[in-house]
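In the working numbering, the protein residues as written are 20 to 201.
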């Protein structure tokens, strides 16, 4: 297990530093359009968007698209294992649990917040796309940014959870591309 008293104290201090920013960003859910948009993006970021993309890749004219689809599917599985292991060991409570003034605008998929699994997957897939299908990647980028943003807007993550998820996702995507193309 990764967690320790030192890790818990570090997260408690970070939570205090990030609370005001989380609360300010979370206030935007009072606007119906913002709430609806980020709920939809978050739901699609649960995997539905990525599953559809993986299934569509073989339909692209590039000859390696079926291999890319398999690459993304296997890397997505690796991402799931990585973030679940990190979350179960690091046990950082979600902002809405630690601070009742932060509204949870959609049910979380699990209890802990560090790192953001949605962001980890989105950035991982985005990294793979930038390497394998750069034109498509530019079209997908707004969705990836929206997924990452949704996690804080909806009260599910601290900004540092999202940044950590982006870092780990980028590293996993890059390393998996080296493995699959090397």
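The C-beta atom is built at its ideal place from N, Cα and C for all residues, glycine as well.
Just so we're clear, the structure is a prediction, and the values are computed from it rather than from any experiment.
Counting of Cβ neighbours within 10 angstroms places residue 134 among the buried residues, the total reaching 16 or more. Counting along the chain, the unbroken alpha helix (DSSP H) around residue 53 starts and ends at 51 to 62. Counting other Cβ atoms within 10 Å of its Cβ, residue 50 stays below 16 and is therefore classed as exposed. Looking at the DSSP output, residue 37 bridges to nothing. By the C-beta criterion, the region 142 to 157 is judged not to be in contact with the region 116 to 128, since fewer than 3 inter-stretch pairs fall below 8 Å. For residue 131, the pairing in a beta bridge is given by DSSP as 112. Its chain contains 87 as the residues whose beta carbon lies nearer than 6 Å to that of residue 151, once the 5 sequence neighbours on both sides are disregarded; these appear in chain order. Just measuring C-alpha positions, the residue of 182, 194, 173 sitting nearest residue 55 is 173. At the C-beta level, residue 57 and residue 179 stay beyond 8 Å of one another. By alpha-carbon distance to residue 136, the top candidate from 119, 75, 192, 98 is 98. Straight-line measurement puts the Cα of residue 153 at about 21 Å from the Cα of residue 66. A direct Cα-Cα distance of roughly 20 Å separates residue 61 from residue 147. A direct Cα-to-Cα measurement between residue 196 and residue 91 gives close to 9 Å. For residue 89 and residue 120, the gap between their C-alpha atoms comes out near 43 Å. With 16 or more other Cβ atoms inside 10 Å of its own Cβ, residue 114 counts as buried.
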